[in-house]
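A.B. asks:
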Amino acid sequence: MSPVRRRGPGRIGVRAVQLGVPVALLAIWYLATTRWGVSRILLPNPVAVAQALGHVLATGEFVADLRVTLTELAIAFAISATSGIAVGYLVSRTSFRIRAFEPLLAAIYSVPLILFLPIYVLWFGLGPPSKIALGATISFFPVVLATVAGFGNVDRMMVTAARSMGASDLQLFRFVLLPAAFPVIIAGARLGFTVALLSIIGSETLASLAGLGHKIVELSEGMEMPRMFAYIAFVVAIAAILNIAVSRLEAWGRRP
Amino acid sequence: MGANDTAIRIRNVSHRFGEEGEARSVHALLDTSFDIAQGELLCLIGPSGCGKSTLLNVIGGLVAPTTGTVEVLGKKVAGPMPRDIAFVFQENALFPWNTVRENVDLGMRFQGVARAERAARAERALAAVGLSEFADHYPAQLSGGMRQRAALARALSLQTGILLMDEPFGALDEQTRMILGEDLSVLLAATRKTIVFVTHSLGEAVFLADRVAVFSARPGTIKKVIAVDEPHPRKPEFATSAKFTALRNELYALLHDEIRKTVSAEGARADQLGTLTPGALS
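Keeping their order, the protein sequence lines are chains A and B. In terms of my numbering, the first sequence opens at residue 1 and continues consecutively. In terms of my numbering, the second sequence opens at residue 1001 and continues consecutively.
Have a look at this one:
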């Protein structure tokens, strides 16, 4: 076989597998509910789910819950990004502070911080503030750790070169430290955004008054399985769109 | 030599890394005194760890000596003097997120040079090192030799009287190094700058220098100074002349014993201390 012909089917083969797996899963799902007698209370028919999703999208009934969740996400991420970058910069300024604080921050990050949810519900109530507090707490850590790494690992040679040419503190920050650290900080911020979304939707399913996570639990408790699955699909789509948007932003931020 | 002819006056300079008594404390430079004349090209050569780069950093105000003083153009050095002294480092001193032109521009910007003037000086400096066509490339798109040309252009654009070069061609292959050396000799003959040039290469030292200062093994100090009496710019033929070979051999003989001492001392130290940070000592 010629290399050209081998490369063609190879690429098509990868695409076929990537498309084939979800199609096969959908087919198994469909057969399970129609032929193999799986209870529709446990697993709704995919066609019914698609119809429910169409209904949810057509009526726009999701808007109120989506607004709650996205507002929580935006506020939580704004808090964690600004505080994470500010604290990270301050920690990165001396090697003493890096050695003292970096392991501490990493240790706290490794604790399952979702355990703060009951405390935050107690402090801030069942509404959005407790979700914002949890999302901000959890997403603070990837941002602050990336910021410490970004500012802390700037090549000494570049700092020396800038100093030798008479750079002031402000010029050193603007023209050397910031561009050197920026790609690392952006990567941390992206991770922070993802964990903020996860923790906010997760905490909405545990204790909340509104939001997409809340809606899914509400439908589950009401046994409205097709609509519940439709909402899950909707959340997956929203998460994918946000992820693509943030990746684009990251790629834009990393350009030379 | 009159006071006005001296560009750099080094007096009793010693430098120790770490505190006295600490296990890792290293005496890098010991009681060195030396005068460097205006417009002179002085090469510093010696075994690794002998303190030649440390001396360069002390002259440039990047490292404060433990004892002793350096005066540059009559002023005591207490920190970087960007209007009088420009550096060219071994490598990686260009900012990778800036193009060559932006890199050259930035040094002048740090010193508050007006925009139009910066653009004109950058053009001239890039033309002088033969990089005009690569002005809008990023450092990663250039070869090692071209990156060092760019670093040299940045230093030239600052229009300082003194240029300190820390093994600027140390990371390059022998052929590139030779060509850059020839170009540098032509370029610098025209500028009449005072230059201190640290190198490991005997040939490079003889080819470029007016005088070569040979360092002893650590703790380093200047052991002997050899004059190279040959007008600038040096011709490529100089590198194959009998005079060149004689000077190179003389340097080799001076260095050989010192390098032997360093190598055996390093073996002993490594056994005592474990690994040392090489960058801190070179």
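Each residue gets a CB set at the ideal place from its N, CA and C atoms; glycine is no exception. Note that the structure is predicted; figures quoted are calculated from it, not measured.
#1: Assign T1066 (chain B) to one of three DSSP states: helix, strand, or coil.
#2: For my contact list, P1168 (chain B) and Q1148 (chain B) are in at a C-beta cut-off of 8 Å; report their separation, rounded to the angstrom.
#3: Just to make sure I have the definition right: I need the residues of chain B whose C-beta is within less than 8 Å of the C-beta of G125 (chain A). Which are they?
#4: Name, please, each residue of chain A whose Cβ falls closer than 8 Å to the Cβ of A1093 (chain B).
#5: Got a sec: which bits of the region 1054-1069 of chain B sit with their beta carbon under 9 Å from any beta carbon on chain A, in order along the chain?
#6: Using a Cβ-Cβ cut-off of less than 8 Å, give me the residues of the region 164-181 of chain A that come near chain B, in sequence order.
#7: So A1151 (chain B) packs on A1125 (chain B), CB below 8 Å; how close in whole Å?
#8: Cutting at 7 Å between CB atoms, please list the residues of its own chain near G10 (chain A), excluding the five before and the five after it.
#9: Taking beta-carbon pairs under 7 Å, can you tell me which members of the region 1105-1139 of chain B lie near chain A?
#10: Counting only beta-carbon separations shorter than 9 Å, does F1089 (chain B) have a partner in chain A?
#11: Mind checking whether P1080 (chain B) and M165 (chain A) have CB atoms under 9 Å apart?
#12: Taking D1105 (chain B) as part of the alpha helix (DSSP H), name the residues at either end of that continuous run.
#13: For E1020 (chain B), count neighbouring C-beta atoms within 10 Å of its own C-beta (all shown protein chains included) and say buried if the count is 16 or more, exposed if not.
#14: Residues of the region 1158-1173 of chain B with a CB closer than 9 Å to any CB of chain A: list them in chain order, please.
#15: So who's on the other strand from H1015 (chain B), going by DSSP bridges?
#16: Nearest CA to the CA of T1245 (chain B): which residue from B:G1220, B:I1222 and B:A1205?
#17: When the cut-off is 9 Å and only beta carbons count, does I1195 (chain B) lie next to chain A?
#18: Tell me K1224 (chain B)'s beta-bridge partners as DSSP assigns them.
#19: For T1240 (chain B), which residues from the same chain have a beta carbon less than 6 Å from its beta carbon, with the 5 sequence-adjacent residues on both sides left out?
#20: Quick one, which of A:E224, A:P46, A:L178 and A:P226 has its alpha-carbon nearest G253 (chain A)'s?
#21: K215 (chain A) by DSSP, collapsed to three states: which one?
#22: So with CB distances below 7 Å, who are the chain A contacts of P1080 (chain B)?
#23: Would you please state the rounded distance, in angstroms, between the beta carbons of F151 (chain A) and A106 (chain A)? I believe it to be under 8 Å.
#24: Taking 9 Å as the CB-CB cut-off, is R1154 (chain B) touching chain A?
#25: DSSP three-state label for T1160 (chain B), please.
#26: How would you write the range of the beta strand (DSSP E) that I1085 (chain B) sits in, first residue to last?
#27: Taking the alpha carbon of L1094 (chain B) as the point to measure from, which residue in B:V1104, B:D1173 and B:A1086 has its own alpha carbon closest?
#28: For the structure I just gave you, are there three or more beta carbon pairs, one from the region 1194-1209 of chain B and one from the region 1042-1050 of chain B, closer than 8 Å?
#29: Would you mind giving the Cβ-Cβ distance between D1166 (chain B) and L1056 (chain B), rounded to the nearest angstrom? I have them listed as a contact below 8 Å.
#30: Chain A beta carbons: is any one of them nearer than 9 Å to that of R1083 (chain B)?
#31: How close, in whole Å, do the beta carbons of A230 (chain A) and L53 (chain A) come, if the pair is a contact with beta carbons under 8 Å?
#32: Would the region 154-172 of chain A and the region 100-114 of chain A be scored as touching if the rule is three or more Cβ pairs under 8 Å?
#33: Are T1066 (chain B) and H1015 (chain B) touching if we call contact CB-CB under 9 Å?
#34: So who's on the other strand from C1043 (chain B), going by DSSP bridges?
#35: Could you tell me how far apart the beta carbons of A1037 (chain B) and A1007 (chain B) are, in whole angstroms, since I believe they sit closer than 8 Å?
#36: DSSP on T1006 (chain B), reduced to helix/strand/coil?
C.D. replies: Straight from the coordinates:
#1: coil
#2: 6 Å
#3: Residues of chain B passing the Cβ test: none, with the nearest at roughly 46 Å.
#4: M157, M158, T160 and A161
#5: N1057, G1060, G1061 and L1062
#6: S164, M165, G166, A167, S168, Q171, F175, V176, P179 and A180
#7: Going by Cβ atoms, the distance from A1151 (chain B) to A1125 (chain B) rounds to 11 Å, so no, they are not a contact pair.
#8: none
#9: L1106, G1107, F1110, Q1111 and Y1138
#10: yes
#11: yes
#12: V1100 to F1110
#13: exposed
#14: L1158 and L1164
#15: B:L1029
#16: B:A1205
#17: no
#18: B:V1214
#19: none
#20: A:L178
#21: helix
#22: R163, S164 and G166
#23: With 8 Å as the limit, F151 (chain A) and A106 (chain A) do not qualify as a contact, their Cβ atoms being about 16 Å apart.
#24: yes
#25: coil
#26: I1085 to V1088
#27: B:V1104
#28: yes
#29: 5 Å
#30: yes
#31: 4 Å
#32: no
#33: yes
#34: B:F1197 and B:V1212
#35: 6 Å
#36: strand
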